[in-house]
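In this note's numbering, the protein residues as written are 3 to 148. Using N, Cα and C, we set each Cβ at its ideal position, and we do this for glycine too. Values in this document were obtained by computation on a predicted structure and should not be read as measured data.
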């Protein structure tokens with residue numbers, strides 16, 4: 003529909019698909035501002051820095067549907083992946099081998115070190131504030147929709 007924009011992208015595609023393809027695909031080179039926008043978007047929506055998210059995502063594709071896949075519905079169970087996907091990503095991001103092997107060629111600039119890595123939960127907190135300012139609360143304290 004036109005109200006979703008010209009490309010009619012779902013929220014999942016915007017949150018996952020675009021950053022994944024733009025940050026993980028070495029064949030696509032973006033200008034600096036656009037590249038940074040997607041790094042900022044990852045921080046805002048995942049509570050991970052670029053290297054962690056990229057490394058786990060690359061490992062998922064390298065080890066897809068094997069026991070080493072960090073979030074394989076076949077091996078972890080679909081319910082677990084759907085309910086605890088972010089936790090599975092964070093857990094795998096603590097694996098130094100995953101970061102060393104799959105986290106190559108990721109940005110290591112001032113903003114990555116001093117904002118995205120240092121204040122991982124800051125992005126989620128900022129997104130919550132933005133959402134509340136833009137949309138307010140959808141459910142009142144009584145539990146009824148406004």
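First and last residue of the uninterrupted alpha helix (DSSP H) at residue i
i           : result
residue 123 : 122–137
residue 54  : 52–64
residue 46  : 34–48
Residue i classed as buried or exposed, judged by whether at least 16 other C-beta atoms fall within 10 angstroms
i           : result
residue 139 : exposed
residue 96  : exposed
residue 84  : exposed
residue 112 : exposed
residue 120 : exposed
residue 80  : exposed
residue 94  : buried
8 Å Cβ cutoff met for residue i and residue j
i           : j           : result
residue 101 : residue 53  : yes
residue 62  : residue 71  : yes
residue 104 : residue 49  : no
residue 45  : residue 118 : yes
residue 73  : residue 91  : yes
residue 114 : residue 51  : yes
residue 41  : residue 109 : yes
residue 47  : residue 129 : yes
Min CB distance residue i to chain C below 8 Å
i           : result
residue 115 : Reference to chain C is not applicable here, since this structure consists of a single protein chain.
Worksheet item: Taking the runs of the alpha helix (DSSP H) that are 4 residues or longer, which of them lie wholly in the segment 66–114?
Response: 75–78, 80–95, 98–104
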